[in-house]
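Enquirer: Here it is, the structure in full.
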């Protein structure tokens, strides 16, 4: 197991169960049965209709949505709207901007999942009796992206647009290509306990069109090697796409000569935050990254991420702002940080002896901002006592004394809750039809949101009068409280890890300086230069 994986104590089963019962889950991780309703067909891009005007060519391709309506949460649509607004604010020529989402442009195609808030305590408890509580409260509609869309979010459309950009670029040294993906991702073989996370995928519309890091890299390889390319990806396991650093997207290959870099919401072996049909729960990478460019957060509060005070925002600054302020499970990374991590430098001696204070003068303005921001949130000072090893010890202390007990408490309550839930599920499935079959074709299965309101009222009365109602209600409240506590400590643990990863990156830089590998040094500098430019 790589050293960065050993740093992280993470129970994915606990995390998955927590997401489901906290209301932040994404519905089914697999598409529903085709016997219920097939997702609409893909909407191909009309390449011939993409006009390329004269002048500097700064291309943008934004891709969003899920593999199926049940996996195409409204937050993914919101992210594409924000990118489009910022592209306009930064006066990007719309002729150079392309957008792909879900099913595409046909208004009868359903491709967005939206959470309907519970109207009462009984309704919320009733939703907990469904196989997927969150999905049971969701409605579905066509996307609201309108005329900005060029087609559906499928592999061929992505490949065709990148190929189109490659053939139309007339000045590669000055032309730019930007790629943004707001969707879902997974390892190539999630059931394989020996999964290496080196073939991670973007889950695209209709699912069989998923695109792995090697396929994506081959598409990027069509672009002129001098054309600066910057990618931002916020899906689960997105860090695996830092392998665009290598020829063909394969780690064992030579370093790629292409001028490209990227920013990723999460490490290659972990799920990311932000997968929610509740647009009010947007605590994820994109929210903060694009707030840095907008100059204000989503509540209208001013944001200043110009850490080097040069009057403009660059992606490394937007990334730094996100690392500081995003309150989630994410550990964001970049192509440059992952390149160093891939070298697996032995800096154990430095980890014991080199402190934050000593590294301070080696840090860029963005790195200093991260250090100041995270140490403040963690309640520590920038001094000579905080080495990488000391930070790791404190992170482990948080895990042992706070996070692990909260996990254990959650599991204890869950063990009491699940049998009672199963008992009530059987009872309600036998008495109420909408618990066992789809009340509407568009509901994609049993649903509370699409069930007849009179039937829902009868079911709520039935639940309230059930002998186990009070016990079920109390256990659900205890479970929610325990989930919130576990989530709080997990997020704190991840903040420690963000700081540790920054420190270890700086220690790896010292080892890089000692290296005789000129090609590696040049690649690292090129990545840093690319990362210090604007996405817009």
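In this note's numbering, the protein residues as written are 1 to 536. Note that CB positions come from ideal geometry on N, CA and C, so glycine has one too.
#1: Using DSSP with H/G/I as helix, E/B as strand and the rest coil, what is residue 242?
#2: Got a sec, what are the start and stop residues for the beta strand (DSSP E) residue 201 sits in?
#3: According to DSSP, what are the bridge partners of residue 184?
#4: Is residue 214 closer than 8 angstroms to residue 199 when the C-beta atoms are compared?
#5: Suppose contacts are defined by Cβ-Cβ distances below 8 angstroms. Is residue 269 in contact with residue 197 by that definition?
#6: Does the beta-carbon distance from residue 293 to residue 86 come in below 8 angstroms?
#7: In chain order, what residues of the same chain lie with their CB nearer than 7 angstroms to the CB of residue 157, ignoring the 5 residues before and after it?
#8: Of all the alpha helix (DSSP H) runs that stay within the bounds of the segment 444 to 500, which reach a length of 4 or more residues?
#9: Taking the beta carbon of residue 146 as the centre, do at least 16 other beta carbons fall within 10 Å, making it buried, or is it exposed?
#10: For residue 449 versus residue 139, is the C-beta spacing smaller than 8 angstroms?
#11: Going by CA-CA distance only, name the one from 116, 283, 48, 336 that's closest to residue 508.
#12: For residue 530, which of helix, strand or coil comes out of DSSP?
#13: Assuming residue 324 contacts residue 359 (C-beta within less than 8 angstroms), just tell me the rounded distance between them.
#14: Would you report the Cα separation of residue 94 and residue 88, rounded to the nearest angstrom?
#15: Looking at residue 322: is its Cβ nearer than 8 angstroms to the Cβ of residue 288?
#16: Where do the N-terminal and C-terminal ends of the beta strand (DSSP E) with residue 262 fall, by residue?
#17: Going by DSSP in three states, residue 48 sits in which element: helix, strand or coil?
#18: Quick check: the Cα distance between residue 226 and residue 241, rounded to an integer number of angstroms?
#19: Could you check which residue in 265, 471, 407, 298 has the C-alpha nearest to that of residue 420?
#20: Is residue 304 buried or exposed, if buried means 16 or more other CB atoms sit within 10 Å of its CB?
#21: Look up residue 228 in the DSSP assignment and give the residues it is bridged to.
#22: DSSP beta-bridge partners for residue 73?
#23: Could you give the distance in angstroms between the alpha-carbon of residue 70 and the alpha-carbon of residue 460?
#24: What residue from 423, 351, 380 has the CA that sits closest to residue 128's CA?
#25: What are the partner residues of residue 138, as DSSP defines its beta bridges?
#26: Use the C-beta contact count for residue 309: other C-beta atoms within 10 angstroms, 16 or more gives buried, fewer gives exposed.
#27: For residue 100, write down the residues that DSSP places opposite it in a beta bridge.
#28: With a threshold of 7 angstroms on Cβ separation, who are the neighbours of residue 247 within its own chain once the five nearest residues in sequence on each side are excluded?
#29: Just to confirm, are residue 219 and residue 203 a CB contact at a threshold of 8 angstroms?
#30: Counting C-beta neighbours from all protein chains within 10 Å, is the total for residue 346 16 or more, i.e. buried, or is it exposed?
#31: I need the boundaries of the alpha helix (DSSP H) containing residue 373, first residue and last residue.
#32: Got a sec? Which residues, its chain only, sit under 7 angstroms from residue 238 by beta carbon, not counting five neighbours each side?
#33: Based on the DSSP output, what are the partners of residue 190 in its beta bridges?
#34: Could you check whether the segment 368 to 388 touches the segment 521 to 535, counting it as contact only if at least three pairs of C-beta atoms, one from each stretch, sit closer than 8 angstroms?
#35: Considering only residues of the same chain and omitting the five flanking positions on each side of residue 235, which have a CB-CB separation below 7 angstroms?
#36: Any chance you could list the alpha helix (DSSP H) runs of at least 4 consecutive residues sitting entirely within the segment 251 to 327, in chain order?
Expert: For this structure:
#1: helix
#2: 201 to 203
#3: 203
#4: yes
#5: yes
#6: yes
#7: 44, 45, 100, 151
#8: 453 to 465
#9: exposed
#10: yes
#11: 336
#12: helix
#13: With 8 angstroms as the limit, residue 324 and residue 359 do not qualify as a contact, their Cβ atoms being about 17 angstroms apart.
#14: 8 angstroms
#15: yes
#16: 260 to 264
#17: helix
#18: 20 angstroms
#19: 471
#20: exposed
#21: 176
#22: 113
#23: 25 angstroms
#24: 423
#25: 115
#26: exposed
#27: 63, 151
#28: 253, 254, 256
#29: no
#30: exposed
#31: 365 to 378
#32: 185, 264, 265, 266, 272
#33: Residue 190 is not bridged to any residue.
#34: no
#35: 181, 183, 184, 185, 202, 272
#36: 285 to 294, 315 to 325
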